[in-house]
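These protein sequence lines are chains A and B, in that order.
Just so we're aligned: the first sequence equals residues 1 to 581 in UniProt numbering.
Just so we're aligned: the second sequence equals residues 1 to 152 in UniProt numbering.
The C-beta atom is built at its ideal place from N, Cα and C for all residues, glycine as well.
See structure below.
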Amino acid sequence: MSEEGSIDYDFDEDEASDFSFESDYDDQNDNMIDTPIESPKDKTDISKLAKFKKWTTKEFINENFINAAVKLQNLQLPQCNLEDLLIMLHQLKWQSEEVINNYYDNYDKLMNDCGIPKVKNNVIKEKLEYSCPICCEEYDNIKTFQLSCGHEYCINCYHSYLKTQLTNGQLIRCIDTSCNLTIPHLLTQEIFDLFSQDVRDPAQDFFEVPTANSKYAHNMLLSSAARSYINSKKSKYKWCPAPDCENLVELVDNYALHLDNDDDDFDEYLSDEESTLLDPSTNNVKDKSKSPSVDRPIDISLTPIVSCGTDHQFCYNCQYENHLPCPCNIVRSWIKKCKDDSETANWIEANTHNCPKCLNSIEKNGGCNHMTCRTCNYEFCWICFKEWSIHGSQFFKCNNFDKSEKDAIELNQKQKRVSLQRYLHYYKRFAVHESSMKGDMKALDKINQRMESFMSEQSKQNLSNLSWTDVQFLKDAFKALTNGRKTLKWSYCFGFYMKELIFAEVFEQTQEHLNRVVEDLSKIVEEINDKKNNDRSTELIMKNKKALISLTNAVTKGQQSLIQCAESGLKEERLKFDLSI
Amino acid sequence: MAALPKRIIKETERLISDPVPGITAYPDEANLRAFTVTMNGPDSSPYEKGIFDLELYLPDDYPMCPPKVRFLTKIYHPNIDKLGRICLDVLKDNWSPALQIRTILLSIQALLASPNPDDPLANDVADDWKKDEPKAIEVAKEWTAKYAKAKE
Ligand SMILES: [Zn+2]
Ligand SMILES: [Zn+2]
Ligand SMILES: [Zn+2]
Ligand SMILES: [Zn+2]
Ligand SMILES: [Zn+2]
Ligand SMILES: [Zn+2]
Numbered sequence: 001m002s003e004e005g006s007i008d009y010d011f012d013e014d015e016a017s018d019f020s021f022e023s024d025y026d027d028q029n030d031n032m033i034d035t036p037i038e039s040p041k042d043k044t045d046i047s048k049l050a051k052f053k054k055w056t057t058k059e060f061i062n063e064n065f066i067n068a069a070v071k072l073q074n075l076q077l078p079q080c081n082l083e084d085l086l087i088m089l090h091q092l093k094w095q096s097e098e099v100i101n102n103y104y105d106n107y108d109k110l111m112n113d114c115g116i117p118k119v120k121n122n123v124i125k126e127k128l129e130y131s132c133p134i135c136c137e138e139y140d141n142i143k144t145f146q147l148s149c150g151h152e153y154c155i156n157c158y159h160s161y162l163k164t165q166l167t168n169g170q171l172i173r174c175i176d177t178s179c180n181l182t183i184p185h186l187l188t189q190e191i192f193d194l195f196s197q198d199v200r201d202p203a204q205d206f207f208e209v210p211t212a213n214s215k216y217a218h219n220m221l222l223s224s225a226a227r228s229y230i231n232s233k234k235s236k237y238k239w240c241p242a243p244d245c246e247n248l249v250e251l252v253d254n255y256a257l258h259l260d261n262d263d264d265d266f267d268e269y270l271s272d273e274e275s276t277l278l279d280p281s282t283n284n285v286k287d288k289s290k291s292p293s294v295d296r297p298i299d300i301s302l303t304p305i306v307s308c309g310t311d312h313q314f315c316y317n318c319q320y321e322n323h324l325p326c327p328c329n330i331v332r333s334w335i336k337k338c339k340d341d342s343e344t345a346n347w348i349e350a351n352t353h354n355c356p357k358c359l360n361s362i363e364k365n366g367g368c369n370h371m372t373c374r375t376c377n378y379e380f381c382w383i384c385f386k387e388w389s390i391h392g393s394q395f396f397k398c399n400n401f402d403k404s405e406k407d408a409i410e411l412n413q414k415q416k417r418v419s420l421q422r423y424l425h426y427y428k429r430f431a432v433h434e435s436s437m438k439g440d441m442k443a444l445d446k447i448n449q450r451m452e453s454f455m456s457e458q459s460k461q462n463l464s465n466l467s468w469t470d471v472q473f474l475k476d477a478f479k480a481l482t483n484g485r486k487t488l489k490w491s492y493c494f495g496f497y498m499k500e501l502i503f504a505e506v507f508e509q510t511q512e513h514l515n516r517v518v519e520d521l522s523k524i525v526e527e528i529n530d531k532k533n534n535d536r537s538t539e540l541i542m543k544n545k546k547a548l549i550s551l552t553n554a555v556t557k558g559q560q561s562l563i564q565c566a567e568s569g570l571k572e573e574r575l576k577f578d579l580s581i
Numbered sequence: 001m002a003a004l005p006k007r008i009i010k011e012t013e014r015l016i017s018d019p020v021p022g023i024t025a026y027p028d029e030a031n032l033r034a035f036t037v038t039m040n041g042p043d044s045s046p047y048e049k050g051i052f053d054l055e056l057y058l059p060d061d062y063p064m065c066p067p068k069v070r071f072l073t074k075i076y077h078p079n080i081d082k083l084g085r086i087c088l089d090v091l092k093d094n095w096s097p098a099l100q101i102r103t104i105l106l107s108i109q110a111l112l113a114s115p116n117p118d119d120p121l122a123n124d125v126a127d128d129w130k131k132d133e134p135k136a137i138e139v140a141k142e143w144t145a146k147y148a149k150a151k152e
């Protein structure tokens, strides 16, 4: 096994301590942290607080598990083979120091705890006749498995056994209860592979020079070990909350970052924080050590927004998507409120799918909220259901909860009804942007695919020399639109809790502007994707290139200024929250 | 219902033909994965002379996962709670498919002979046990006489 001395790192070792991971489809990002605000001020602000590192699960396993074993073999314990070192590390919770100490101080105990025998004889046998003591089946022609102890069981039983054992992330031992022997990591995978349906792409294996890391590339036991290791260190590691994303972010260095709920005691935190904020007048009486930030103005630039290796931004504190301009505590209140009021939200869902003019039902496919009814051609806004043409005028506000409307309601109805109305107003806008985001993503995905096939066709026929950088603007548009929508979405949560101070109008105007450019960008994307334009979509893309680029910039700028408006407003206390709403 | 695995058939046959001393276990006619169990309290324990009813169920993934066992008779024991649930390592993390129904039942009987108040499930009982063991043993005896009577 000594050939394993030559290691082929999956990524450059020199850069491993910094950010050198290539994300799947995005440009390399050498920033430690990726805030949506591009101003350098904010980056330094965050890096003053903490330093983060991005990992994919695979990179995490490579570096912390496999490379740790390789390093031990190369430096301190060259007499051990890699499999045994992995078992020792696994047993001692991946602490290399502990392995070295135990190896020299108490070798026999370590080997015994790890279930590593002096002589190894692990075999998968083919048997013509076998009766298994676990399942009690009498087989003719079956594979069996045994470790060096000779406790033999049929391969079906071993496979089911491994599957159930995989959940706890620990080393897996011989089935026999009095036997402590460990099944080595590679063998567990070998048994899984015997039952696996999907055959791996041979081309991929052909190009891959077998290395320590590639041999363990799909090891399910190591993945399960990684999961339980990471979950046991909740303040140090956070999984990316984006659906289907298996990336994580590590808090490498914490200078001054204040994390709220390391212990997952979310509700307790919430009630504590809420009660302090609910009644600011009691601040002076309250124990200040408990909530040190209450007296100071809120500074949202301190929100620990990080991004995973595939560029999903999220808040390290809440482990929730990038929720700027809202501070973390507002997000918590909002999420709780939405949970409590989910029935009302369902009502909206069920009742807002008809054209305001002809009342025909309307299906919303894309993300754009500038709607045109297919039956009567009426153009309207999906959010406020008013005519689209008036949206451009100076006096119209789609985002503002009409005060005269509110006054009228107040005269006639109970206070409770107003607050529900008010909540619905903001919730609807919040929810619409959330679902529009999904629509936008679908549309942009399609465009991207079309563009890629178009380009490969072109280069095959030597028709044009479009390069990837020529269509970078599409990816930029994708990113700007998604991020813009997210900020917009959370700005309605912000709006819901915002006190009616004079500066609030400035916030709302900035919000309206972002709303406008986001919808314009979304509209172009939707038009390019329209079935009618199927055969000339690439032509449309290139034709709209200029408009797309300028709108992308406008959205990014609009997003930045909305967050900055909130940031400075809160800092200077021209914007304030009212959590008693 | 899917066919009963050979393993369960074999174990059931042996439980009936070669029963564990002081324990009976019969499968329900309607569901062969569900067993009605009686267990005699071990001699020279506070549960001596008591006859305890238990239910035992073999989940779908048995023997990869342990059987589910519960006392039906009320019992005063630091590792058994009000609902009859049992705190026993082999019923949880230390389960192995190499163990059997009979080994599990024997382990439960052994738990009655030597209660372990340092790994409690019923906290109040465990506290009583640690504070005043002779008194706790008296209560366990009373409960045994009161609830764990043989049926006519
Ligand atoms: Zn078997
Ligand atoms: Zn063994
Ligand atoms: Zn992610
Ligand atoms: Zn947060
Ligand atoms: Zn219409
Ligand atoms: Zn509108």
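Unbroken alpha helix (DSSP H) run spanning H90 of chain A, endpoints: L82 to Q91
Find out if the Cβ-Cβ distance for the pair Y492 of chain A, H433 of chain A is shorter than 9 Å. Yes, Cβ-Cβ distance for Y492 of chain A and H433 of chain A is below 9 Å.
Proximity to L501 of chain A [Cα-Cα], best of A:I549, A:I541, A:G439 and A:E573: A:E573 is the residue among A:I549, A:I541, A:G439 and A:E573 whose C-alpha sits nearest the C-alpha of L501 of chain A.
What residues of chain A sit near K10 of chain B, judged by a beta carbon separation below 9 Å? C136
Let me confirm a value: K146 of chain B is counted as buried when at least 16 other C-beta atoms fall within 10 Å, else exposed. Which label applies? exposed
Does ligand 2 have a heavy atom nearer than 8 Å to the CB of D124 of chain B? no
When you compare the CB of S107 of chain B with every CB in chain A, is at least one pair closer than 9 Å? Taking Cβ atoms only, chain A never reaches closer than 9 Å to S107 of chain B, which makes this a no.
What does S160 of chain A touch in chain B if you count any residue whose Cβ is under 7 Å from its own? What S160 of chain A touches in chain B: M64.
Three-state secondary structure (DSSP) of E452 of chain A: helix
Below-9 Å beta-carbon distance, L99 of chain B vs any chain A residue: yes
Selection of the stretch 165-189 of chain A by Cβ proximity to chain B, strictly under 7 Å: I175, D176 and T177
Give the secondary structure of V119 of chain A by DSSP, where H, G and I count as helix, E and B as strand, and everything else as coil. DSSP places V119 of chain A in coil when its eight states are reduced to three.
Where D470 of chain A falls: helix, strand or coil (DSSP): helix
Could you compute how far the alpha carbon of E13 of chain B sits from the alpha carbon of I155 of chain A? 25 Å
Which same chain residues end up closer than 7 Å to D193 of chain A when comparing Cβ atoms and leaving out the 5 residues on each side of it in sequence? Closer than 7 Å at the Cβ level, and outside the excluded window around D193 of chain A, lies no residue.
Go ahead and pull the three-state DSSP assignment for Q509 of chain A. helix
Can you tell me where the alpha helix (DSSP H) with D89 of chain B in it begins and where it stops? D89 of chain B -> no alpha helix (DSSP H), and no H or E assigned at all.
Indicate whether at least one CB of chain B lies closer than 9 Å to the CB of C149 of chain A. C149 of chain A does not count as touching chain B.
Bridge-paired residues (DSSP) for H391 of chain A: The partner list for H391 of chain A (beta bridge, DSSP) is empty, contrary to what the question assumes.
Could you check whether I134 of chain A and A98 of chain B sit closer than 9 Å to each other, using their CB atoms as the reference points? yes
Hey, is L562 of chain A's beta-carbon within less than 9 Å of any beta-carbon in chain B? Taking 9 Å as the CB threshold, L562 of chain A stays off the interface with chain B.
Please state whether the Cβ-Cβ distance between G495 of chain A and N399 of chain A is less than 9 Å. yes
Drop a sphere of 10 angstroms on the beta-carbon of V123 of chain A, count the other beta-carbons inside from all chains shown, and report buried for 16 or more, exposed for fewer. exposed
Which stretch, first to last residue, makes up the alpha helix (DSSP H) that contains F195 of chain A? First-last of the alpha helix (DSSP H) with F195 of chain A: H185 to F195.
Check whether the Cβ of C157 of chain A lies closer than 9 Å to any Cβ atom in chain B. yes
Compare the C-beta of K163 of chain A with all C-beta atoms of chain B and state if any pair is closer than 9 Å. yes
Does K68 of chain B have its Cβ less than 9 Å from a Cβ in chain A? no
Element boundaries [alpha helix (DSSP H), containing P134 of chain B]: E133 to Y147
Return yes when at least one heavy atom of ligand 4 lies under 8 Å from the C-beta of C493 of chain A, else no. no
Beta strand (DSSP E) containing D108 of chain A: first to last residue? Per DSSP, D108 of chain A belongs to no beta strand (DSSP E); it is in the alpha helix (DSSP H), Y107 to C114.
Is the stretch 217-234 of chain A touching the stretch 165-182 of chain A, taking contact as three or more C-beta pairs under 8 Å? Three or more Cβ pairs closer than 8 Å define a contact, and the stretch 217-234 of chain A meets that threshold against the stretch 165-182 of chain A.
Comparing the CB of V331 of chain A with every heavy atom of ligand 4, is any distance shorter than 8 Å? Yes, since a heavy atom of ligand 4 falls inside the 8 Å radius drawn around the Cβ of V331 of chain A.
At a cut-off of 8 Å, is A242 of chain A close to ligand 3 when judged by its beta-carbon and the heavy atoms of the ligand? yes
Please return the same chain residues whose Cβ sits closer than 6 Å to the Cβ of G558 of chain A, not counting the five positions on each side in sequence. Within its own chain, the residues whose Cβ lies closer than 6 Å to the Cβ of G558 of chain A, once the five positions on either side in sequence are excluded, are H513, L514 and V517, listed in chain order.
Along chain A, which residues have their Cβ under 9 Å away from the Cβ of P5 of chain B? Around P5 of chain B, the beta-carbon contacts reaching into chain A at under 9 Å are C135, C136 and E137.
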